[in-house]
Amino acid sequence: MSDSNPSPAPVAAVDPALLALRTQIDALDRELLAMLNRRAGLAQQVGEIKKHEGSVVFRPEREAQVIDGLKAVNPGPLKSESVAPIWREIMSACRSLETPTRVAYLGPAGTFSEQAALGFFGSSIVRVPCGSIDEVFRATTAGAADFGVVPVENSTEGVVARSLDLFLTTPLFIIGETSLFVRHNLLRKQDTLAGISAVCAHPQALAQCHGWLSYHLPDVERRPVSSNAEGARLAGLDPSLAAIASERAASEWGLHVVSPAIQDDANNRTRFAIVTHPERHPAPQASGHDCTSLVVSVINRPGAVHDILVPLKVHGVSMSRFESRPARSDQWEYYFYIDVQGHPETPAVATALKELRSVCAYFKVLGTYPIDVH
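When we follow UniProt numbering, the leftmost residue of the sequence shown carries the number 1, and every step to the right adds one.
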């Protein structure tokens, strides 16, 4: 009787040079682990000193300086843009040994806001997903979260109006920023465009994909929901629905990526602000590469807007953003949201802001923080 069991496949010989390189990599990994644990031990000592002093654990300007310094001396072949995410994770893991960092963001799981939170703070955080931008502000104001992550501006659709409005009515201020490349995908339980009754997504995402939707799904309802991930959740429950969301949301809710990258702008980016309560966290110190955000209003009279700009020009302070929002009065008055380069600790910025305050009916510094480190 013949043996029916197939012969085992021959084992391919490993190239000795490859084996030697793998051995070196394994040894380096063990060295890296030992050094990371040494770093973690030092971070714990720093944490004890901070606890004794009563100072905060998270210092965005310090982390920005660390990353900038490492990028400046990076000899390669590791790319400089890879340094920031690697070290953010290292610092996040070390920071978590001192105290857990609770971060609120627009949920549920799989939103771009969650991705921005993880990119800024690293994955060693306590996640606090919220049902709306309002809830992110409420949770952070009340102390349910140490920090909040909120979208403030999109390269296609402009400002996120709700976030700007809430800065006027809450005590929160900005201590950091991060921007995210936003790649929208059409997601669905079935891998086809046929039979879709509605596309569910955040209003900003629907607007950012207007052209694609008008061409490919012209007669399909566009249904606004609280977040893209919420749209993905709904699409996971109803096969007639589609969603616009990230690939991460597709994995989270078991959906097909029916059409990838459907955003109208190939370079679509969203900027997020990191907010906290001033009683729980001090304003960041100067990092050497900072932005100061303001909101002001002026009396509605000829030349009033010009008067806002004069102090910045006279003292050589660059303005990187100038947006207006209605003041919701019957006088056709506006709030102006302004970003200027620099920190109030520097003489030119301090003098310009002092003169600017003197010509404003309303003046509020929304925050000073390190410019996004890529």
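By construction, the Cβ of each residue, glycine as well, lies at the ideal position given by its N, Cα and C atoms.
Classify residue i as buried or exposed, calling it buried when 16 or more other Cβ atoms lie within 10 Å of its own Cβ.
| i | result |
| --- | --- |
| Gly107 | buried |
| Arg280 | exposed |
| Met1 | Low confidence applies here, because Met1 scores a pLDDT of 49, under 50, leaving its location unreliable; read the following figure in that light. Counting Cβ neighbours within 10 Å, Met1 comes out exposed, since fewer than 16 surround it. |
| Gln33 | Strictly speaking, residue 33 in this sequence is Leu, with Gln absent from that position. The residue in question, Leu33, is exposed, as its Cβ has fewer than 16 Cβ neighbours within 10 Å. |
| Phe181 | exposed |
| Met35 | exposed |
| Pro278 | exposed |
| residue 386 | Since the first and last residues shown for the chain are 1 and 374, residue 386 lies out of range. |
| Gly122 | buried |
| His184 | buried |
| Glu31 | exposed |
| Thr169 | exposed |
Give the secondary structure of residue i by DSSP, where H, G and I count as helix, E and B as strand, and everything else as coil.
| i | result |
| --- | --- |
| residue 376 | In the structure as shown, the chain begins at 1 and stops at 374. Residue 376 is therefore absent and cannot be evaluated. |
| Cys291 | strand |
| Thr140 | helix |
| Val298 | coil |
| Glu89 | helix |
| Arg271 | strand |
| Glu279 | coil |
| Leu186 | strand |
| Glu177 | strand |
| Leu164 | helix |
| Glu153 | strand |
| Gly254 | coil |
| Ala243 | strand |
| Ala109 | coil |
| Gly122 | coil |
Would a check of beta-carbon distances place residue i closer than 7 angstroms to chain B?
| i | result |
| --- | --- |
| Val305 | Absence of chain B from the displayed structure is noted, only one protein chain being present. |
Ignore the nearest five residues each way along the sequence and tell me which others in residue i's own chain have a CB closer than 8 angstroms to its CB.
| i | result |
| --- | --- |
| Asp264 | Thr156, Gln208, Cys209, His210, Gly211 and Trp212 |
| Pro203 | Pro224 |
| Ala20 | none |
What residues in its chain sit with their C-beta under 7 angstroms from that of residue i, if we drop five residues either side in the sequence?
| i | result |
| --- | --- |
| Pro239 | Lys189 and Gln190 |
| Ala205 | His184, Asn228 and Ile244 |
Which same chain residues end up closer than 6 angstroms to residue i when comparing Cβ atoms and leaving out the 5 residues on each side of it in sequence?
| i | result |
| --- | --- |
| Tyr335 | Val295, Ser297, Arg325 and Ala327 |
| Ser197 | Ser240 |
| Val340 | Thr292, Val317 and Met319 |
| Lys364 | Val295 |
| Ala166 | The question names Ala, but residue 166 is Leu in the sequence shown. Excluding sequence neighbours, Leu166 sits near Phe137. |
| Glu355 | Pro311 |
Inset, instruction - At 3 residues or longer, and completely inside the region 189-226: list those beta strand (DSSP E) runs for me, N to C. - result: Runs of the beta strand (DSSP E) lying entirely within the region 189-226, each at least 3 residues long, are 198-201 and 221-224 in chain order.
Legend entry - Entirely enclosed alpha helix (DSSP H) segments - the region 8-84, minimum 4 residues: 16-53 and 60-73
Inset, instruction - Output the residue ranges of the alpha helix (DSSP H) runs that lie fully inside the UniProt domain "ACT" (293-370) and measure 4 residues or longer, sorted by chain position. - result: 304-314 and 347-358
Legend entry - Three-pair Cβ contact test at 8 angstroms for the region 340-350 versus the region 298-310: no
Inset, instruction - Report yes or no: do the region 99-116 and the region 72-82 share at least 3 C-beta pairs separated by less than 8 angstroms? - result: no
Legend entry - Contact the region 265-285 vs the region 161-180: 3+ CB pairs below 8 angstroms: yes
Legend entry - the region 246-255 touching the region 91-100, judged by at least three CB pairs closer than 8 angstroms: Two segments are said to touch when three or more pairs of C-beta atoms, one from each, lie closer than 8 angstroms; by this definition the region 246-255 does not touch the region 91-100.
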